[in-house]
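Using the working numbering, the first residue of the sequence shown is number 1082, and each one after it goes up by one. Here a beta-carbon is modelled for each residue, glycine too, at the ideal position from N, C-alpha and C.
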Amino acid sequence: MTRSRVTAFCPGHISGYFLPVIHDDPTRSGSIGAGIVISEGVRITAEKSDTSSVRIFQTDRTGQPYKIPDTSPVLLDLMKYMQVTASLQTTCHLPIGAGYGMSAAALLGTVHALNVLYNLGLCTPDCARIAHRIEVKHRCGLGDVAACQGGGYVIRKTPGPDGEIIRKSDTRPLYALTIRPIRTSSVLSSPDLMKRIAMAFPKKIPESLEDIMTLSREFAEVSGLIPDEIMPVLSACDDAHIPASMTMLGCGVFALGREAEAVLRRFGDVFRLRIAHGGPAILYGEYQS
């Protein structure tokens, strides 16, 4: 009996603040910073196929999936790097390119699914290293894969999936609002923005989730990354004494605590999130004789 189809899930990640660490060797590139691994993520189904293909689905507010017309050069490149072919289907609820780490979740979840589908024998750290390499190559993120390896709110003290990462848990809900996506690669490729990000990076190591919220907001303001569209949302959160900051990198806001939902809802549809308990997981597989 061999597997013909495998489904995996990987949680997403909201980055609060970050500092790129770029090296010629992608395994030594990445970022440091802090963020929150979230309960929403990407579900990936990988099926054996003679050719590689990717179909991307997103669910609407009622949970019904609809197909996004684009394919994914990143996932196609991942399969080429792993020297396998498969038909991939990814499904997520949160918007793509909006600061929820959906690209990293798709990458890391796909590596785990392909590893099981083709019995590649990769260990968990090896899966993360492969996903991180492709993430860095395509500039669709620098630290999300490292964060998504496990759950909790995270402080990444050194770059890469093998770096020093502190994880802590918290049961309070988070709420998020998205106005529009921001192309991550456009920020990471801008020397001016990279200089401003370096200057804004906090010197303090956060000790709590409240610290992460505070430092994230300070970073967003000092770096000048906050789009005008979300300033009224942040101001409303401030007036209600709700910890809130910008989703990095997306034109949106994430806020802590139950009181945040009512405030954010005045500006649009709100996503209710939890802090994830763990990282990628294989959900099930189908077999053929």
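*Out of Asp1106, His1094 and Ser1304, state which residue places its alpha-carbon closest to the alpha-carbon of Gly1122.*
For the options Asp1106, His1094 and Ser1304, the alpha carbon positioned closest to that of Gly1122 is the one of His1094.
*Tell me whether His1193 sits in a helix, a strand or coil according to DSSP, three-state version.*
DSSP places His1193 in the helix class (H, G or I) of the three-state scheme.
*Indicate the three-state DSSP secondary structure (helix, strand or coil) for Val1135 in the structure shown.*
Strand.
*Taking buried to mean at least 16 other C-beta atoms within 10 Å of its own C-beta, is Asp1225 buried or exposed?*
Of the other Cβ atoms in all chains shown, 16 or more fall within 10 Å of the Cβ of Asp1225; this residue is therefore buried.
*By how many angstroms is the C-alpha of Asp1319 removed from the C-alpha of Phe1090?*
Using only the alpha carbons, I get a separation of about 35 Å.
*Under a Cβ-count criterion, where at least 16 other Cβ atoms within 10 Å of its own Cβ denotes burial, should Leu1315 be classed as buried or exposed?*
Flag for Leu1315 reads buried.
*Determine the DSSP secondary structure at Lys1161, reduced to helix, strand or coil.*
The three-state reading of DSSP puts Lys1161 in helix, counting H, G and I together.
*beta strand (DSSP E) segment containing Pro1262, residue limits*: That run of the beta strand (DSSP E) goes Leu1255 to Pro1262.
_So if DSSP puts Ala1123 in a beta bridge, which residue, or which two residues, is it bridged to?_
In the sequence under discussion, the amino acid at residue 1123 is Val, which differs from the Ala named in the question. Looking at the DSSP assignment, Val1123 forms a beta bridge with Cys1091 and Cys1173.
*asked:* For the alpha helix (DSSP H) containing Arg1298, name the first residue and the last one.
replied: Its alpha helix (DSSP H) spans residues Leu1290 to Ser1304.
*How would you write the range of the alpha helix (DSSP H) that Cys1208 sits in, first residue to last?*
Here the alpha helix (DSSP H) through Cys1208 covers Thr1205 to His1219.
_Beta-carbon spacing of Arg1349, Thr1088 below 9 Å_ = Reading off the sequence shown, one finds Gly at residue 1349, where the question assumed Arg. Their beta carbons are not under 9 Å apart, which means Gly1349 does not touch Thr1088 by this criterion.
_Below 8 Å on the Cβ atoms is my contact criterion, and I expect Gly1097 with Met1280 to pass it. Report the Cβ-Cβ distance as a whole number of Å._
Between Met1280 and Gly1097 the Cβ distance is about 17 Å, and since that is not below 8 Å, they are no contact.
*Thinking just about the alpha-carbon of each residue, which of Arg1237, Cys1332, Thr1172 and Phe1300 is nearest to the one in Gln1145?*
Cα-wise, what sits closest to Gln1145 is Thr1172.
*N-terminal and C-terminal residue of the beta strand (DSSP E) that Thr1247 is part of*: The sequence given here places Ile at residue 1247; Thr does not occur at that position. Its beta strand (DSSP E) spans residues Ile1246 to Lys1249.
*Do Val1235 and Val1135 have their CB atoms nearer than 9 Å?*
For the pair Val1235 and Val1135, the CB atoms are not nearer than the 9 Å cut-off.
*Starting from the C-beta of Thr1191, find all residues in its chain whose C-beta is less than 7 Å away, skip the five residues before and the five after it, and write them out in chain order.*
Taken in chain order, the residues that qualify are Ile1125, Ala1127, Leu1156, Leu1159 and Leu1169.
*asked:* Do Gly1232 and Ala1357 count as a contact pair if the criterion is CB distance below 9 Å?
replied: For Ala1357 and Gly1232, yes; Cβs fall inside 9 Å.
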